[in-house]
Amino acid sequence: MVSATTVVRGTAVAAALVSLLAVPAHAASPVPGATRVDASASALPEPDVTGLWNVLRTVRRQGAPGAMARLDDHGTVHWAATGVADRRTERTISNADRFRIGSVTKIFSAVVLLQLADERKLKLDAPVNRYLPGLLPDDRITVRHVLSHRSGLHDYTDEMFARTVPGFEAVRRKVFTYRQLVNRSLSKPRTTEPGGRYSYSNTNFVVAGMLIEKLTGHSVHTEYKNRVIGPLDLRDTFYVHPGTKIPGRHARGYLTPDAAGAALVDSTEQTVSWAQSAGAVISSTSDLNTFLSALLGGRLTSRAQLAQMQRWVPSGTNQEYGLGLRRRQLSCGIRVYGHTGAVQGYYTYAFASEDGKRSLTALANTSNNGTVLNSMLGAVESAFCGKQAKARPAAASVERREGTGPGRTLRPNAD
């Protein structure tokens, strides 16, 4: 039986009143040589921490074994967690737990390529085939098209996870090469002409991983570590491919089968080789907030490359996509910047204000549950709109191709 224990770190929880602990935050260290952007966003409403807490309780009722969130706000931290990290032992979930972040990985890959552009080793408007000769069937597909999901490359995961649990079990311990994944995509028709409409595809960020490794001569693991993880001292962030385990203390992930009422599947241990540079990073709520704050604060790229990252194209209701980064307009009109991640057993929302001074990461340790995914948008609304957040129809919550992994066809009312 799953424990109903609720944990709010460092506070006592009364039955009728819930408060989240506020403590000083530790600022991320700047990357030497990077340009700091001194942009300041307009004043944000006070976060609605009670509303945030209620979202976590809601997603538990909707089928998530556990849920947690951390909000860093101009030097103050609010965090909360409810439910369990492990259904077998009934260990309570905590913001100290690591987890698989799915498509939030795409921001890491984009940052590395933008740093390479800063170093004049890459041109965003150059054809991918200039750097990876013969990889793609169309020389018009540029690096920018790949990073903004406008290449037209088919998303191979559509077929891979057409049946959720069997699809996952078929690849759980499998190790793919990048080229094998790209070849799966190329066996299908393209979705648009190069530079055409936005069409989300994990294939794009597999190509991004190939570019990183070709241009640096190092693995994606090494480049993430040397360029992002190490400089920001992200102690909970790892790229372990093709290892199957999450290092240290972590939340286990639970995949919801397609059949209603079927038992959840523990999907924690897997290679995530089907995603790699599109979705295989492991992190924590603290590290993701540090990462987004550093990125939007101008501490990871030059001002010019951060501006390139924020050249937006429409990507769904109230959303736009840049280069590996999403901008989302909330119900109160405020825009937030980040990504979501869906990988078997985990749903992540990671967003920050324009200046990076307020950041939120929320996690539910389940996936293939569209109701949970839609509800988690409420955590972002509470964190950035506060009590000004307005209820929205579920149809406006999540676009169909937001994250890596299965469950997209099961999202009710998805765009």
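The numbering used here numbers the first residue of the sequence shown as 2 and each following residue consecutively. For every residue, glycine included, the Cβ atom is placed at its ideal position computed from N, Cα and C.
Chain C contact for residue i (CB, 8 Å cutoff)
| i | result |
| --- | --- |
| residue 248 | You won't find chain C in this structure, because it holds only one protein chain. |
Cross-strand partners of residue i (DSSP beta bridge)
| i | result |
| --- | --- |
| residue 327 | 322 and 339 |
| residue 139 | Answer is none; residue 139 lacks a bridge partner. |
| residue 157 | DSSP lists no partner for residue 157. |
| residue 368 | 256 |
| residue 349 | 342 and 364 |
Contact check, residue i vs residue j, beta carbons under 8 Å
| i | j | result |
| --- | --- | --- |
| residue 293 | residue 357 | yes |
| residue 53 | residue 284 | no |
| residue 216 | residue 346 | no |
| residue 1 | residue 94 | Lying before the first or after the last residue shown, residue 1 is absent from the chain, which here runs from 2 to 416. |
| residue 278 | residue 209 | yes |
| residue 323 | residue 149 | yes |
| residue 118 | residue 306 | yes |
| residue 222 | residue 240 | yes |
| residue 127 | residue 112 | no |
| residue 287 | residue 56 | no |
| residue 297 | residue 353 | yes |
| residue 65 | residue 373 | yes |
| residue 243 | residue 272 | yes |
Residue i burial status per 10 Å Cβ neighbour count (16 or more: buried)
| i | result |
| --- | --- |
| residue 231 | exposed |
| residue 370 | buried |
| residue 47 | exposed |
| residue 330 | exposed |
| residue 290 | buried |
| residue 274 | buried |
| residue 184 | exposed |
| residue 340 | buried |
| residue 224 | buried |
| residue 176 | exposed |
| residue 1 | Any answer about residue 1 is impossible in this case: the structure gives the chain only from 2 up to 416. |
| residue 146 | buried |
Reduced DSSP category for residue i - H, G, I as helix; E, B as strand; rest coil
| i | result |
| --- | --- |
| residue 255 | strand |
| residue 103 | helix |
| residue 291 | helix |
| residue 361 | strand |
| residue 1 | Residue 1 is absent from the model: the chain starts at 2 and stops at 416. |
| residue 176 | coil |
| residue 354 | coil |
| residue 402 | Any answer about residue 402 is weak, because its pLDDT of 38 lies below 50 and its placement is not dependable; what the coordinates show is given next. Correct three-state label for residue 402: coil. |
| residue 239 | strand |
| residue 283 | strand |
| residue 149 | coil |
| residue 128 | strand |
| residue 166 | helix |
| residue 373 | helix |
| residue 266 | strand |
| residue 314 | strand |
| residue 272 | coil |
| residue 245 | coil |
| residue 302 | coil |
| residue 392 | coil |
> Going along the chain, which unbroken runs of the alpha helix (DSSP H) with 4 or more residues stay wholly within the stretch 178 to 211?
Replying inline: The alpha helix (DSSP H) runs of length 4 or more contained entirely in the stretch 178 to 211 are, from start to end of the chain, 179 to 187.
> At what residue ranges does the stretch 51 to 122 contain a whole run of the alpha helix (DSSP H), taking only runs of 4 or more?
Replying inline: 106 to 119
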